[in-house]
Amino acid sequence: MTLPDDFDKILEAAHEAGQELAALAPGVDARTGDLREPYRILAEAGFQSLLVPRRAGGAGLGFADYWRVLSAVGFHSGAAALGLNMHNAAIGPLCESADTPLPPMAEEFRT
Numbered sequence: 001m002t003l004p005d006d007f008d009k010i011l012e013a014a015h016e017a018g019q020e021l022a023a024l025a026p027g028v029d030a031r032t033g034d035l036r037e038p039y040r041i042l043a044e045a046g047f048q049s050l051l052v053p054r055r056a057g058g059a060g061l062g063f064a065d066y067w068r069v070l071s072a073v074g075f076h077s078g079a080a081a082l083g084l085n086m087h088n089a090a091i092g093p094l095c096e097s098a099d100t101p102l103p104p105m106a107e108e109f110r111t
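Residue 111 is where the sequence shown ends in this note's numbering, and the numbering goes up by one at each step.
Shown next as structure tokens:
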């Protein structure tokens with residue numbers, strides 16, 4: 001999914017996804033539910049590309065706005081917010097290095 005240009009709409013999407021995540025949170029926390037479903041919801045919302053530059057198809061958020069989205073998700077499901085942040089902690093630095101040559105294995109991962 002392509003995220004909207006309007007940050008308020010992205011934040012609204014975070015709360016909408018969060019409502020779905022909240023229903024799953026007890027099962028995830030107890031490890032009795034589908035542990036992959038929260039990540040499907042986050043991916044479907046486009047949140048895997050929050051820190052990816054717009055020119056590469058992402059939302060191009062800075063860290064302040066990113067943390068606002070993460071906080072909205074975390075309000076509904078702390079575990080989902082933690083998983084999303086772990087994903088973006090790896091993706092963000094790769095995006096920051098978009099114009100910098102990397103070692104071959106890192107270049108392959110970034111691509």
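All residues carry an ideal CB built from backbone N, CA and C; glycine is no exception.
Local Cβ density within 10 Å of residue i, reported as buried at 16 or more and exposed below that
i: P38; result: buried
i: S71; result: exposed
i: A13; result: buried
Residue i to residue j span [Cα, whole Å]
i: G57; j: V73; result: 21 Å
i: F109; j: A17; result: 27 Å
i: T113; j: L24; result: No answer is possible for residue 113: it lies beyond the span of the chain, which begins at 1 and ends at 111.
Residue i - DSSP class collapsed to helix/strand/coil
i: R54; result: helix
i: G33; result: coil
i: S71; result: helix
i: G60; result: coil
CB contact flag (residue i, residue j, <8 Å)
i: I91; j: L51; result: yes
i: A64; j: L3; result: no
i: H76; j: A22; result: yes
i: A98; j: P26; result: no
Check whether the segment 42-60 touches the segment 103-111, counting contact only when three or more Cβ pairs, one atom from each stretch, lie closer than 8 Å. no
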